[in-house]
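In my numbering, the protein residues as written are 274 to 614.
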């Protein structure tokens, strides 16, 4: 049998990548079916043997181009990719959004909601990494002692919007996969809340501007009431808070000392390590399930309080705290970088 030239092999490879059936390739090139199979195997052409039937709409090259534009954000979604392809090639058969989604999944890409994250500088990454190193050995039993706390804004008329992004098969978050938000940025309220292994704590609506005096008042009231409700003493727990200036103020620091409350050192810009962020997200998701927006802010606050007390169960709190070793490990492996949380 005469050897097949390199040029003919390239022709066969190109036709295979286009999804052309074996018999059609044989007719066009004069190469036997057996030789075509051998070429595909030798050259490791990424396409299924397809002697008959409908060929795939997207060639391997098409898939690579679409993937690159999706993961870099040039295409905002698979629907956007499908629309742009139709506009660019009006006289060609172009893939539907579902076809593109199927190809992305086949290649182990995953679509996630694009998370809002705080920008991590080198020093912030290093601080997060050191924190992960220090607490990497903590077990769930250790984290059971921690009372997690935070503030959040809740909108009466819905969320601030969800964004989707495709992450690479390795699952790591990169700059293109996140939305940067900054702490200083009609129809919203600010609330403070806390939770622990025993269950959700008391939440409170923040009236006016939060300052050190108001924060200490919340600690005196809602925080202490939460401990009392679960029969906990201050020496039973470790208190977690972020590094907001109000939390780190001289007055707040003195309050913790006077009341004998141990405070967990916490790295700046690390909401992904605080499981209460998932509680806020769940609270907001539940509030969106109402058929109509609250008619007043008073009614809205009643909904917030009711939803918090009904839906944030002890079992849910336990699951979140059980995630802490995984969060710390993810931060450690990312060397202080972004995590999936």
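Every residue, glycine too, gets a C-beta built ideally from N, C-alpha and C.
| request: Output the residue ranges of the alpha helix (DSSP H) runs that lie fully inside the segment 516-603 and measure 4 residues or longer, sorted by chain position. | output: 523-531, 549-560, 570-584 and 587-595
| query | Between the beta-carbon of residue 495 and the beta-carbon of residue 539, is there less than 8 Å? | reply | Between residue 495 and residue 539, the CB-CB gap reaches or exceeds 8 Å.
| Burial state of residue 456 (16 or more Cβ within 10 Å) | For residue 456, the predicted structure reports a pLDDT of 48, less than 50, and the residue's modelled location is therefore unreliable. The matter cannot be settled from this model.
| Taking buried to mean at least 16 other C-beta atoms within 10 Å of its own C-beta, is residue 449 buried or exposed? | Burial call: exposed.
| query | When DSSP builds the beta bridges, which residues end up paired with residue 461? | reply | 428
| said: Just to confirm, is the Cβ distance from residue 440 to residue 373 under 8 Å? | reply: Going by C-beta atoms, residue 440 is not nearer than 8 Å to residue 373.
| request: Classify residue 563 as buried or exposed, calling it buried when 16 or more other Cβ atoms lie within 10 Å of its own Cβ. | output: exposed
| Where residue 443 sits in the DSSP three-state scheme | coil
| task | Spell out the partners DSSP gives residue 384 in its beta bridges. | result | 439
| message | For a quick check, are the C-beta atoms of residue 409 and residue 535 less than 8 Å apart? | response | no
| message | Helix, strand or coil, according to DSSP, for residue 366 in the structure here? | response | Secondary structure at residue 366: coil, using DSSP grouped into helix, strand and coil.
| Are residue 471 and residue 583 closer than 8 Å when you measure CB to CB? | no
| field | Per-residue burial, residue 458 [other beta carbons within 10 Å of its own, 16 or more giving buried] | value | With a pLDDT of 39 at residue 458, under the threshold of 50, the modelled position of this residue cannot be trusted, and the question is left open.
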